[in-house]
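To start, the structure under review is shown below, and the notes come after it.
What follows is the structure in structure tokens.
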């Protein structure tokens, strides 16, 4: 690596015998010394991560980065939810469980235009866990599990600064027959997809997923697979493994509304919702009054791992409001927390509450005892 770095610097500096060096045309730019701390908000694949830079990173006009892990390649899916390459799901799930919502240190190494017309630019770099004692390199961890291969490249501009460590991790994975090197394909999951089901189809599936006892539904663990906009609604897709079966369902939060379509703050609300719940592990509790709506969406409460209602960040930011159901606000175990979050935004007149006017109450008639 030291020799490759020296060779690159000599070429770029046109030193001595390299004074006539002419670089070949390429859609690649080296990024010198650009590091930052950020939070992982989405895992596209095992080697493709979306990170929001902390506010302390002032050297860039960008805030959200798509980072491809340098010098490794993970199996990919076709983007439709059907995994085409063996170990694509395992690689993505390993990185999701490791990184989603966590703070990381990013070392950007180079950028490359990837599509045919060279329009979209991706950043390549190395990602490290901030809170790990030894600052673990995520690329090494993925390769060591046999869930990625190291690219055999000689060009310094596309080689990670930690290339030797990656090669060592790959040798260990091959020796120990981990993952893709085991010679054994993972089991193919039989996913029962009711994310586009009718009300009746969703109702039939509900009997296999949620258990109703003593007047309420049991809480079910899930992972938020995606948050999309469909049919003038925000659609939360949940991935659930329950009672030996795997399900994909559509879900909607009960008793909470936020701006949609062309309404003010709609884009901001959608972005905050995604960043709050996307790919997070949650607990699902169905509403006892309206467990499934007319669109076939399951309806209820989502609890984050901190046991926080998923709607609280939106309510606190003034990007959501509590909705009246049948003339009154829904009551339940989380009503006080939701109401407190809404009152905070209303008092501060944030976003949806910016034009809110506190109602005035006038006393009519004399109070008892006034003469």
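Numbering (my numbering), first residue to last: 227 to 597.
Glycine included, each C-beta is placed from N, C-alpha and C at the ideal position.
In terms of Cα proximity to residue 274, the closest of 368, 263, 261 is 368. The beta carbon of residue 531 sits closer than 8 Å to the beta carbons of 506, 507, 508 from its chain, once the five residues preceding and following it are set aside; these are given in chain order. Collapsing the DSSP output to three states places residue 484 in coil. In the same chain as residue 334, and ignoring 5 residues on each side of it, the C-beta atoms closer than 6 Å to its own belong to 257, 260, 349, 351, in chain order.
Under a 10 Å Cβ-count criterion, residue 439 is classified as exposed, with fewer than 16 other Cβ atoms of the shown protein chains found around its own Cβ. Taking 8 Å as the cut-off, the Cβ atoms of residue 370 and residue 399 count as close. Secondary-structure assignment with DSSP links residue 278 through a beta bridge to 265, 290.
In the assembly as shown, residue 401 is an exposed residue. Its beta-carbon has fewer than 16 other beta-carbons within 10 Å. Leaving aside the five residues that flank residue 448 on each side, the residues in its chain whose CB is nearer than 7 Å to its CB run, in chain order, 464, 465, 466, 508, 510. Bounds of the alpha helix (DSSP H) holding residue 366 are 364-370. Minimum Cα-Cα distance from residue 536 among the listed residues 468, 488, 496 corresponds to 496. Counting only residues of its own chain and dropping the five nearest sequence neighbours on each side, residue 444 has a CB closer than 6 Å to the CB of 437.
Within the same chain, 278 come within 6 Å of residue 290 by CB-CB distance, once the 5 residues on both sides are set aside.
Shown here, residue 527 sits in a strand according to DSSP, grouped into three states.
For residue 468, the closest alpha carbon among the candidates 405, 434, 262 is that of 434.
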